[in-house]
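Residue numbering for the sequence shown follows our numbering, beginning at 1 and increasing consecutively.
Notes follow the structure.
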Amino acid sequence: PFRDQLTIVSGLRNKAGESTSPHAIIAGTWLGCVAPAVSHDPQGGTSADQIAARHLGQGTPFPSLELATEGGGVCDPGYGCSYGNTISFRTPNQPLPMEFNPRKV
C-alpha cells in the first residue's frame with residue numbers, strides 16, 4: 001500500500017570507506033565520501049549534512065545539531081579517533097562532535 005511513496009536506492013558504494021582499517025574511518029567517510037589521509041589530523045571532505053545545513057539552516061539559531069544514540073569510539077593508530085567519533089564535518093578538517101546525552105540538548 002505504500003509502494004508509490006517509497007524511493008529505493010541501490011547500487012551505492014562508499015569507496016572512500018574501503019581501507020585495511022574500515023572500522024576506524026567508515027563513519028567519518030559516510031557523508032563526505034572522501035578517502036581520509038592516514039593522519040591523526042582529520043583531512044576528509046565537508047559532509048553532505050553540513051552542506052545542506054549551510055543553506056537550509058540560514059537564519060536559525062542552530063543550523064545543525066549533531067545528535068547520536070550512542071558515543072563513537074573506534075580509533076586507529078594511523079587515523080586517530082576523528083573519523084570514528086563523528087559523521088559530520090563542517091569543513092574538510094573540522095569534525096563536529098556528536099551529542100548522545102539528551103539532557104545536554
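Here a beta-carbon is modelled for each residue, glycine too, at the ideal position from N, C-alpha and C.
Does the region 28–44 come close enough to the region 76–87 to have 3 or more Cβ pairs within less than 8 Å?
These segments touch.
On the CB-based measure, 16 or more other CB atoms within 10 Å of its CB, does Ala37 come out buried or exposed?
Ala37 comes out exposed.
What are the residues that DSSP puts in a beta bridge with Gln94?
Gln94 is bridged to Thr91.
Quick check: what's the CA-CA separation for Ala48 versus Gly73?
Answer to the nearest angstrom: the Cα atoms are 22 Å apart.
Given that a residue counts as buried once 16 or more other Cβ atoms are within 10 Å of its Cβ, and exposed if not, what is Pro96?
Rather than Pro, the amino acid found at residue 96 in this sequence is Leu. That one is buried.
Can you have a look at Gln94 and say buried or exposed, based on whether 16 or more other CB atoms are within 10 angstroms of its CB?
The residue is exposed, with fewer than 16 neighbouring Cβ atoms inside 10 Å.
Considering only the beta carbon of each residue, do Pro63 and Gly71 sit closer than 7 Å?
Taking 7 Å as the Cβ cut-off, Pro63 and Gly71 do not qualify as a contacting pair.
Just grab the DSSP bridge partners of Glu70 for me.
Looking at the DSSP assignment, Glu70 forms no beta bridge with any residue, so it has no partner.
DSSP puts Glu99 in a beta bridge; with which residues?
Beta-bridge pairing links Glu99 to Leu67.
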